[in-house]
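Written below as structure tokens is the structure these notes are about.
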Amino acid sequence: MKHRLFVISAASGAGKTTLKNLVIQGFPDICYSISATTRSPREGEIDGVHYFFKTKEEFKKMIAEEALVEWNEVHGNYYGTPKKFVEEKLADGKRVLFDLDVFGKVNFDKVYPEATGILILPPSIEELKKRLCERASDTEEVIQLRLANANKEMDFAHQFGKYEYTIINDDLEKAAQELREILKDPHLS
Ligand code: 5GP
């Protein structure tokens, strides 16, 4: 199990999803952990592919049944990592890449302390704001909430997070190459 788990964390708008999708195609032995969430699907998101979309009641049932490795409330919705999915992928010999908020990562480490943490940072808070506005998939209220949370999240990550790597995403291809190098590291396979 050692070194076969990778956790990426970032404030939304740091470019994490684009980066992850760009890189993961080159690694057939790595699969992406599909989280459960109570957030509504964005356009183009498919249940069971991007997330397992759940009602609050369904999500609470998963918590009660201890079906989640960790969970957290992020921007007003619940997000969590289903245990069964991770265990099955590891049993299949896969490496697994997780996308967790910085608080969820701390709880995740209690179960899988050997996981490799990768923190993705935007070049600046101004750039983050620009990217969130350009995405146009969220309401103004949600954008403001995400921005307000971004500073808190990054402070927390620097103080309490266990991140072996930090990638500043100012140039997508450069950041993608840095991520590829980490995933290619023979000590992490
Ligand atoms: P989004 O709504 O943009 O897809 O994700 C919002 C935030 O939720 C991101 O910071 C992402 O890292 C986090 N997130 C997604 N899945 C999980 C999960 O399973 N657990 C935790 N703790 N955070 C998650």
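Each residue of the sequence shown is one higher than the last, beginning at 11 in this note's numbering.
Heads up, the beta-carbon is just placed ideally off N, CA and C, and yes, glycines get one too.
Status (buried if at least 16 other CB within 10 Å, exposed otherwise) for residue i
{"i": "T91", "result": "buried"}
{"i": "K99", "result": "buried"}
{"i": "K26", "result": "buried"}
{"i": "I18", "result": "buried"}
{"i": "N179", "result": "buried"}
{"i": "D109", "result": "buried"}
C-alpha gap between residue i and residue j, whole angstroms
{"i": "A21", "j": "D102", "result": "31 Å"}
{"i": "R105", "j": "K120", "result": "19 Å"}
{"i": "E188", "j": "N31", "result": "14 Å"}
{"i": "I192", "j": "E174", "result": "10 Å"}
{"i": "A158", "j": "D148", "result": "15 Å"}
{"i": "P132", "j": "K139", "result": "10 Å"}
{"i": "I73", "j": "N117", "result": "14 Å"}
The beta strand (DSSP E) enclosing residue i, as first and last residue numbers
{"i": "G90", "result": "N87 to P92"}
{"i": "V106", "result": "R105 to D109"}
{"i": "V20", "result": "The question names Val, but residue 20 in the sequence shown is Ala. First-last of the beta strand (DSSP E) with A20: L15 to A20."}
{"i": "T28", "result": "Here T28 belongs to no beta strand (DSSP E); instead the alpha helix (DSSP H) covers K26 to I34."}
{"i": "I130", "result": "T126 to L131"}
{"i": "I178", "result": "Y175 to I178"}
Closest by C-alpha distance to residue i, when choosing among the options
{"i": "Y88", "options": "V33, F63, K172 and E151", "result": "F63"}
{"i": "E163", "options": "E151, E76, K115 and T27", "result": "K115"}
{"i": "Y122", "options": "L129, D195, L131 and E80", "result": "E80"}
{"i": "C41", "options": "V33, G127 and T48", "result": "V33"}
{"i": "D39", "options": "D148, L107, L157 and L142", "result": "L107"}
{"i": "K66", "options": "A74, G58, I135 and T48", "result": "T48"}
{"i": "L29", "options": "A46, A186, L198 and G127", "result": "A186"}
Neighbourhood of residue i by C-beta, 6 Å cutoff - its chain only, sequence neighbours within 5 removed
{"i": "F113", "result": "N82"}
{"i": "K71", "result": "none"}
{"i": "T176", "result": "L129"}
{"i": "F37", "result": "L193"}
Same chain, Cβ closer than 7 Å to residue i, five either side skipped, listed in chain order
{"i": "V96", "result": "S43, V79 and V106"}
Contacts around residue i, its chain only, beta-carbon distance under 8 Å, and the 5 residues preceding and following it disregarded
{"i": "F166", "result": "V112 and F113"}
Start and end residues, alpha helix (DSSP H) containing residue i
{"i": "V121", "result": "V112 to V121"}
{"i": "I192", "result": "L182 to K194"}
{"i": "T153", "result": "The sequence given here places Ile at residue 153; Thr does not occur at that position. It spans E150 to F170 - the alpha helix (DSSP H) in which I153 sits, taken as one unbroken run."}
Closer than 8 Å to chain C by CB, residue i
{"i": "G25", "result": "Checking the listed chains, one finds no chain C in this structure; it contains a single protein chain."}
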